[in-house]
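Residue numbers (our numbering): 408 to 515.
Before any comments, here is the structure.
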């Protein structure tokens, strides 16, 4: 039996956080280990925890999700979550495994 993938949500919008939490809880292959409101919080979490998958908002306060990802020496798998489709190409250039447009659904 394989263990669940430890993941984190980096999202400043409470509604989007709650939706992602629910979807992750409903997916047995995923284990939510952290929820961060900004890149600074996420940096601290990534230093302390082994996170294999990030649900990363692009439009974060102070430092964008894309800029934050570029600062990481060892990037986990990333699924970008955003309301802005124009960042999709740059997201995939950073090896994102998916790009979810808000509002998103469990099926996606």
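We put the CB at the ideal spot given by N, CA and C, even for glycine.
All figures in this text were calculated on a predicted structure; none of them were measured in a lab.
Take residue 483, set aside five residues on each side of it, and the residues of its chain with a beta-carbon closer than 7 angstroms to its own are 458, 459, 460, 461, in chain order. Distances from the alpha-carbon of residue 424 to those of 439, 410, 434 put 439 closest. In this structure, residue 443 and residue 431 do not form a Cβ contact; the two beta carbons are roughly 14 angstroms apart against a cut-off of 8 angstroms.
Restricting attention to alpha helix (DSSP H) runs no shorter than 4 residues, the segment 411 to 478 encloses them at 421 to 432, 446 to 455, 472 to 478, ordered along the chain.
Between residue 464 and residue 419, the CB-CB gap stays under 9 angstroms. Membership of residue 488 in the beta strand (DSSP E) is indicated by the continuous run 484 to 489. Comparing C-alpha distances from residue 412 to each of 429, 427, 435, 491 shows the shortest one belongs to 435.
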